[in-house]
Amino acid sequence: MEFELSEEHRLIKDTARRIAREVVAPRAKEVDETAEYPEDYFQAFKQAGLLGMAIPEQMGGTGNGVLPICLAIEEVAKYECGAGLILVLSGLPTRPIVFGGTKEQQQKWLPSLAEGTTRGAFCLTEPDHGSDAAGLETRAVRDGDDYVLNGSKVYISGGTVADYLTVFARTGGPGARGISAFVVDAHAPGVNIDRTDDKMGVRSVPTAHFSFSDVRVPAENLLGLEEGKGFNHAMLTLNSLRPTVGARGVGLAEGAAGYAMEWARERKAFGNSVIDFEAIQFMFADMAIQIEAARNLVYKAAWLVDQGKYTREYAHHLSIAKAYATEVANRVASDALQVLGAQGYMKDHPLERHFRDARQLMIVEGSSQVQRVVISRAMIDRTLVYG
Ligand SMILES: Cc1cc2nc3c(=O)[nH]c(=O)nc-3n(C[C@H](O)[C@H](O)[C@H](O)COP(=O)(O)OP(=O)(O)OC[C@H]3O[C@@H](n4cnc5c(N)ncnc54)[C@H](O)[C@@H]3O)c2cc1C
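In my numbering, the protein residues as written are 2 to 388.
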């Protein structure tokens, strides 16, 4: 068992830490207020070569893997959770192409996505189908050399800045086997953004609501040139990126706890520093226990993914890490805010923002409840056995 980070891992972590301090931190409050996509964050990630880590080298990426992405996300999410999401988005729309694309398709789209000269978005959720993605209703019907796409997708992160959309649509009968995956030009005729959301948190990365009206998608954009495989590509993508959502939670919790600790050293009450009260000290101890546990789960899950272990039989490990780390982010953000008393409630400090941002993490990419479905099923069917 090896707990040390490699030289490559440390380099990526240090690079992300520099970007976090120099680019992300100074703008964190502003991007929350304006809800404008932080192009400067994206450009900093691009210049540092951090956008191709989820894509193998032979497909045009840097191939570092999911653990290095988690290390980078953890650093930037200490200051602004949306910065971590931008790094997640380097994998979410691209990994279906990695898993399901033909060689030609991989060479066509992945190098520019890895470099950051193009951007993608992952379009699974629909107005009537979120957790129940296998029921999705967006339709793609073959017509000559094209498919004709009709339907809608909601809450699509990064949709407003995307060049390509990885769209999951029904080409066959009901259920998961009727779903196929397509790469769709985000600016093709018939692709419309009907609205964006006024969100509670993670306001820096807009979520778009797309409608597709008779969008002609070349048949060569069907991933793998094979119908019916799309749901599998989506699930492998979500499984393999669960640690990255957890990493957003770990980073957020670390940022919140660290901020509250510095404040508690300075703030006086009853003639003492707030940190001198045992009740406050133990809140910090509880934060540390949870952060350390969450970080270890996330790193282990990321390591599993990098060993190729993200198929169904490993899914519960990835779900445990995602559920725990994102719930820790919520508890720690709440406790850190509490340490500051009234000041924690005010926008003068980042804790109310961390508190709002953390809430997103328990909903996206499989809610906490859905992760528990995966975990309990693994126990029931004896994939996960204790004793
Ligand atoms: C900020 C943000 C960004 C997003 N970005 C993207 C994106 O980029 N691409 C994309 O495709 N989607 C995106 N989503 C959508 C997100 O993945 C869905 O919101 C999520 O999957 C939950 O679906 P839902 O909101 O429809 O909730 P529902 O599925 O309607 O669930 C409602 C409630 O029921 C619970 N529930 C549902 N099924 C079960 C079950 N079987 N057992 C127990 N409880 C259950 C849920 O946990 C939840 O509490 C985003 C959402 C948000 C908020």
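Think of the CB as a built atom: it goes at the ideal place given N, C-alpha and C, for glycine as much as any other residue.
Note that the structure is predicted; figures quoted are calculated from it, not measured.
Residue i Cβ short of 6 Å to ligand 1 heavy atom set
i           : result
residue 156 : yes
residue 211 : no
residue 132 : yes
residue 361 : yes
residue 374 : yes
residue 364 : yes
residue 368 : yes
residue 126 : yes
Simplified DSSP assignment, three categories, for residue i
i           : result
residue 130 : strand
residue 164 : coil
residue 175 : coil
residue 143 : strand
residue 123 : strand
residue 102 : coil
residue 152 : strand
residue 158 : strand
residue 377 : helix
residue 385 : coil
Alpha-carbon to alpha-carbon, residue j and residue i
i           : j           : result
residue 24  : residue 148 : 42 Å
residue 266 : residue 339 : 15 Å
residue 124 : residue 385 : 31 Å
residue 169 : residue 56  : 20 Å
residue 234 : residue 15  : 32 Å
residue 342 : residue 351 : 13 Å
residue 174 : residue 134 : 14 Å
residue 289 : residue 281 : 13 Å
residue 59  : residue 336 : 45 Å
residue 252 : residue 80  : 8 Å
residue 94  : residue 182 : 11 Å
residue 240 : residue 214 : 30 Å
residue 4   : residue 13  : 17 Å
residue 117 : residue 111 : 10 Å
residue 304 : residue 68  : 6 Å
Closest by C-alpha distance to residue i, when choosing among the options
i           : options               : result
residue 37  : 297, 158, 269 and 179 : 158
residue 226 : 382, 146, 61 and 215  : 146
residue 188 : 332, 166 and 201      : 166
residue 7   : 20, 66, 79 and 52     : 66
residue 254 : 9, 77, 33 and 42      : 77
residue 202 : 20, 34 and 4          : 34
residue 244 : 191, 211 and 365      : 365
residue 349 : 333, 260 and 330      : 260
residue 373 : 344, 332, 317 and 362 : 317
What are the complete alpha helix (DSSP H) segments, minimum 4 residues, inside the segment 37–93?
Every alpha helix (DSSP H) of 4 residues or more that sits fully in the segment 37–93 is shown, in chain order, as 40–48, 67–78 and 82–89.
Subject >> Ordered list of alpha helix (DSSP H) runs contained in the segment 319–370, each at least 4 residues >> reply: Runs of the alpha helix (DSSP H) inside the segment 319–370: 352–362.
| message | At 3 residues or longer, what runs of the beta strand (DSSP E) sit wholly inside the segment 162–242? | response | Restricting attention to beta strand (DSSP E) runs no shorter than 3 residues, the segment 162–242 encloses them at 165–171, 180–186, 192–197 and 208–219, ordered along the chain.
Enumerated in chain order, which unbroken segments of the alpha helix (DSSP H) with a length of 4 residues or greater are wholly contained in the segment 242–312?
-> List check, alpha helix (DSSP H) in window: 279–307.
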